[in-house]
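S.K.: Protein chains in written order, with the working numbering: chain A, 624 to 956; chain B, 624 to 956.
Note that the Cβ used here is the ideal one computed from N, Cα and C, for glycine as well.
Note that this is a predicted model, so its numbers are computed, not measured.
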DNA sequence: TTGAAAGCGATACCAG
DNA sequence: CTGGTATCGCTTTCAA
């Protein structure tokens, strides 16, 4: 049977309250008393029951992290940062996968309280204003990414500007047929819309007419799906001069397809991605990409979340994270 | 203020017990009563408090997943499988990172009860018998991987045999200088020891004398570390005929280094990895690897964990997961 | 089939 | 600075 505060208190000859004081360290306790209590805790191998504490305090010390696809390297790197930052602040992280399903995104937000979590960091894909509005009593939530809505706090990279700048960077002399990979026809991924928008803005700046046939769709943002989509595309279309993939994962799949067909990168086609994951940096050739500080995202998301937890009523807070264009071998001219 | 069972009960004109019965669905409730209760729950936007339930039941419905490095694609894919399988069984997953620190591994096991979790799936790196033995009252734990100890349940791939078979597969005619990358000098990674052992066993079968200078160390199993280690190695040593990296992540880093130096894969050197991550399948060239079913690992780990939770006293259970050698372009002869 | 009341373990209030 | 006590929300005997 596990030891409780009562057991510790009895063994130390004090009251449960004193034991609690020793643990929480906020109320001062006389040194000898503290020593007796600490010894009793050690002897009994005492471990506090967090369910009980959570019930009493109304906080569990756990935050939720919900991502669309847990299998991607980007998810892994972001998760690592968030877990490490959360841990440093005394939070545990409970992880969820939404599968880009708006219904699931909504359920996670509204039922968060049931899931034993004090707050939620959510990377939504299609979450619209409506989904956030309807929940009257939302838990503290911080959104990650480009979704447009006015209620929840949010940490984001300016995908529009980044995609525009990347497109401009790809448009070296002689490279005018610039394709994008990752357009989602049908589904309304906010990220895809932003990045496609930035791409189109760049074309306008460059004076290149928009060509629908250069916008390659790819519903699942995975290497497998990207490789297949690009292969199918190249069977029916001429090789573009450059290919801007909306994620590094897709870019890696694209590189594989190009290599299989004997297309040389960057000589025959320049390739770029977005996210700057480790595997892109070590791709063959190393991948040009939009880079941003994932640790900063984690830090800011946790800051916003804790601020929201302590004051549920302040206005919406937005934090923008900067980006850089990392030109690597896949687009060197 | 959040609604409680009492509020629901009052509104439905029943007792709290009846509300509880409706939720848990085990004790039969008359249809009209159930309807009234369900309506009351909906009207009050009732969400059960899991801390209270956990306190009462002694179970939180959360399991822990502790991995050495959350940033790797392998961690991501394994996490995805475990989250999905756990979710299907009604468990949430709390994620932790050990950083390969044995002290942290031990702490997670012994303090698991404090962390609000019912059980722990742990992928240890250096956990020795001692670390498991000393905990008198361990929580339900399932270990992942090759660590040798006799107490905790475990799901594993036979790394020794897999490494042996991969080495044999690499040893095509004319390829006798087979190197390995990922040997950990100093630290005692159980996985590294197993894989190095399998490699040496294959050499013996092949009648190739072991050559210490072909065992390249690499403490951190990341692409960055692998790329750097291999570069340093190649500066001082001739190119081997084949390179067996102990993880796909390292292999990707190695491919990058080889490519930068103009070494052709597989013509000049065959390369292989271990884990079969998505990014390896789409590497340039696509990566030969040891493949195994990550979903099966998740399924079996959860089965062992739930069995252990319902019976803390049965003997140690071991489940072996099969593997296959996937020969892809990086080692085609 | 349903109701009343006890109690899981930790904490905060209020005395002393 | 420390002790008694009520309480968080839910489930579970035991009765009816």
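Between the Cα of residue 931 (chain A) and the Cα atoms of A:847, A:774, A:819, which residue gives the shortest distance?
M.R.: Walking along the first chain from the start, residue 931 (chain A) turns up at place 308. Considering only alpha carbons, the answer is A:774.
S.K.: Thinking C-beta only, is residue 718 (chain A) closer than 8 Å to residue 766 (chain A)?
M.R.: Numbered from 1 along the first chain, position 143 holds the residue referred to as residue 766 (chain A). Numbered from 1 along the first chain, position 95 holds the residue referred to as residue 718 (chain A). Taking 8 Å as the Cβ cut-off, residue 766 (chain A) and residue 718 (chain A) do not qualify as a contacting pair.
S.K.: Please report how far the alpha carbon of residue 653 (chain B) lies from the alpha carbon of residue 671 (chain B), in whole angstroms.
M.R.: Here residue 653 (chain B) is taken as the residue at index 30 of the second chain, counted from 1. Here residue 671 (chain B) is taken as the residue at index 48 of the second chain, counted from 1. When rounded, the distance between both Cα atoms is 22 Å.
S.K.: So with CB distances below 7 Å, who are the chain B contacts of residue 807 (chain A)?
M.R.: What you label residue 807 (chain A) is simply residue 184 of the first chain in a count that begins at 1. Correct list: empty, because the minimum Cβ distance to chain B is about 20 Å.
S.K.: Under 8 Å between C-beta atoms, does residue 683 (chain A) make it to chain B?
M.R.: Taking the first chain and counting its residues from 1, one reaches residue 683 (chain A) at position 60. At least one chain B Cβ lies under 8 Å of residue 683 (chain A).
S.K.: Taking 8 Å as the CB-CB cut-off, is residue 734 (chain B) touching chain A?
M.R.: Within the second chain, numbered from 1, the residue matching residue 734 (chain B) stands at position 111. Closer than 8 Å: yes.
S.K.: Quick check: the Cα distance between residue 645 (chain B) and residue 714 (chain B), rounded to an integer number of angstroms?
M.R.: Within the second chain, numbered from 1, the residue matching residue 645 (chain B) stands at position 22. Within the second chain, numbered from 1, the residue matching residue 714 (chain B) stands at position 91. Each residue's alpha carbon lies about 21 Å from the other.
S.K.: Note down, in chain order, all residues in the stretch 868–890 of chain A with a beta-carbon under 7 Å from any beta-carbon belonging to chain B.
M.R.: Residues 875, 876, 878, 879, 882.
S.K.: Answer with yes or no whether the minimum CB distance from residue 702 (chain A) to chain B is below 8 Å.
M.R.: For this step, residue 702 (chain A) is matched to residue 79 along the first chain. Output row for residue 702 (chain A): interface = yes.
S.K.: Among the residues of its own chain, which have a CB less than 7 Å from the CB of residue 698 (chain B), if the five just before and after it don't count?
M.R.: Residue 698 (chain B) sits at position 75 when you count from the first residue of the second chain. The residues are 690, 692.
S.K.: Please confirm whether residue 718 (chain B) has its beta-carbon closer than 8 Å to some beta-carbon of chain A.
M.R.: In the second chain, counting from the first residue as 1, residue 718 (chain B) sits at position 95. Interface residue, yes.
S.K.: Counting pairs of Cβ atoms below 8 Å between the stretch 850–864 of chain B and the stretch 673–687 of chain B, do you hit three or more?
M.R.: With a cut-off of 8 Å, the stretch 673–687 of chain B and the stretch 850–864 of chain B do not count as touching, because too few Cβ pairs lie within range.
S.K.: Taking residue 707 (chain A) as the reference, which of A:924, A:936, A:950 has the closest Cα?
M.R.: As a working mapping, residue 707 (chain A) is identified with position 84 in the first chain. Among A:924, A:936, A:950, the Cα nearest to that of residue 707 (chain A) belongs to A:924.
S.K.: Note the first and the last residue of the continuous alpha helix (DSSP H) segment covering residue 953 (chain A).
M.R.: Against the first chain, residue 953 (chain A) aligns to sequence position 330. Run containing residue 953 (chain A): none; DSSP gives neither H nor E here.
S.K.: Quick one: any contact between the stretch 900–912 of chain B and the stretch 838–849 of chain A, if contact means 3 or more CB pairs under 8 Å?
M.R.: Verdict: yes, contact present.
S.K.: What residues in the stretch 650–673 of chain A bring their beta carbon closer than 8 Å to a beta carbon of chain B?
M.R.: Listed by position, the residues of the stretch 650–673 of chain A near chain B (Cβ gap below 8 Å) are 668, 670, 671, 672, 673.
S.K.: Using only CA atoms, which one of A:732, A:716, A:709, A:739 lies nearest to residue 680 (chain A)?
M.R.: For the purposes of this step, residue 680 (chain A) is taken as residue 57 along the first chain, with counting starting at 1. For residue 680 (chain A), the nearest C-alpha among the options comes from A:739.
S.K.: Give a yes or no on contact between the stretch 788–799 of chain A and the stretch 932–951 of chain A, applying the rule of three or more CB pairs nearer than 8 Å.
M.R.: These segments touch.
S.K.: Output the distance between the C-alpha atoms of residue 728 (chain A) and residue 829 (chain A), rounded to the nearest integer angstrom.
M.R.: Along the first chain, one-based indexing puts residue 728 (chain A) at 105. Along the first chain, one-based indexing puts residue 829 (chain A) at 206. Their backbone Cα atoms lie some 38 Å apart in a straight line.
S.K.: Excluding five sequence neighbours on each side, which residues of the same chain lie with their C-beta closer than 6 Å to the C-beta of residue 838 (chain B)?
M.R.: Position 215 of the second chain, counted from the first residue, corresponds to residue 838 (chain B). Closer than 6 Å at the Cβ level, and outside the excluded window around residue 838 (chain B), lie 803, 806.
S.K.: Determine whether the Cβ of residue 723 (chain A) lies closer than 8 Å to any Cβ atom of chain B.
M.R.: Residue numbering aside, residue 723 (chain A) sits at position 100 when the first chain is read from its first letter. Residue 723 (chain A) does not count as touching chain B.
S.K.: To the nearest angstrom, report how far apart residue 955 (chain B) and residue 748 (chain B) are at their CA atoms.
M.R.: Position 332 of the second chain, counted from the first residue, corresponds to residue 955 (chain B). Position 125 of the second chain, counted from the first residue, corresponds to residue 748 (chain B). Each residue's Cα considered, the two are about 32 Å apart.
S.K.: Should residue 648 (chain B) be flagged as near chain A, meaning a C-beta pair shorter than 8 Å?
M.R.: Translated into the one-based positions of the second chain, residue 648 (chain B) becomes position 25. No, residue 648 (chain B) lies away from the interface with chain A (no Cβ there is under 8 Å from its Cβ).
S.K.: At least one CB of chain A closer than 8 Å to the CB of residue 678 (chain B): is that the case?
M.R.: Numbered from 1 along the second chain, position 55 holds the residue referred to as residue 678 (chain B). Chain A, which has a Cβ nearer than 8 Å to the Cβ of residue 678 (chain B), makes this yes.
S.K.: With a threshold of 8 Å between beta-carbons, can residue 630 (chain A) be considered close to chain B, or not?
M.R.: Taking the first chain and counting its residues from 1, the one referred to as residue 630 (chain A) is at position 7. Residue 630 (chain A) does not count as touching chain B.
S.K.: What does DSSP give as the partner residue(s) for residue 687 (chain A) in the beta ladder?
M.R.: Locating residue 687 (chain A) in the first chain gives position 64, where the first residue counts as 1. Its beta-bridge partners are A:717, A:743.
S.K.: Measuring alpha carbon to alpha carbon, tell me which of B:853, B:893, B:647, B:770 ends up nearest residue 883 (chain B).
M.R.: For the purposes of this step, residue 883 (chain B) is taken as residue 260 along the second chain, with counting starting at 1. Of the candidates B:853, B:893, B:647, B:770, the one whose C-alpha sits nearest the C-alpha of residue 883 (chain B) is B:853.
S.K.: When you compare the stretch 813–829 of chain B with the stretch 770–785 of chain B, are there three or more beta-carbon pairs, one atom per stretch, that lie closer than 8 Å?
M.R.: Flag = yes, the stretch 813–829 of chain B and the stretch 770–785 of chain B touch.
S.K.: Mind checking residue 648 (chain B): buried by the 16 CB within 10 Å criterion, or exposed?
M.R.: Residue mapping note: residue 648 (chain B) aligns to position 25 of the second chain, counting from 1. Residue 648 (chain B) comes out exposed.
S.K.: What's the C-alpha gap between residue 758 (chain B) and residue 626 (chain B)?
M.R.: By one-based count along the second chain, residue 758 (chain B) stands at place 135. By one-based count along the second chain, residue 626 (chain B) stands at place 3. In this predicted model, residue 758 (chain B) has a pLDDT of only 49, less than 50, meaning its place in the structure is not dependable enough to derive any value.
S.K.: Between which residues of its own chain and residue 744 (chain B) is the CB-CB distance below 6 Å, once the five residues before and five after are set aside?
M.R.: Taking the second chain and counting its residues from 1, the one referred to as residue 744 (chain B) is at position 121. Closer than 6 Å at Cβ, skipping near neighbours: 688, 765, 924.
S.K.: Taking beta-carbon pairs under 9 Å, can you tell me which members of the stretch 823–848 of chain B lie near chain A?
M.R.: Per Cβ criterion, the list reads 845, 846, 847.
S.K.: Based on the DSSP output, what are the partners of residue 728 (chain A) in its beta bridges?
M.R.: As a position in the first chain, residue 728 (chain A) is number 105, starting the count at 1. In DSSP, residue 728 (chain A) forms no bridge with anything.
S.K.: When we look at the beta-carbon of residue 666 (chain B) and count the other beta-carbons within 10 Å, is it buried (16 or more) or exposed?
M.R.: The residue labelled residue 666 (chain B) in the question sits at position 43 within the second chain. Exposed is the call here.
S.K.: List the residues that DSSP assigns as beta-bridge partners of residue 946 (chain B).
M.R.: Within the second chain, the letter at position 323 stands for residue 946 (chain B). Note: residue 946 (chain B) sits in a beta bridge opposite B:915.
S.K.: Residues of chain A with CB under 7 Å from residue 865 (chain B), in chain order?
M.R.: Within the second chain, residue 865 (chain B) is the residue found at index 242, counting from 1. Under the 7 Å cutoff, chain A gives no residues; its nearest Cβ is about 18 Å from residue 865 (chain B).
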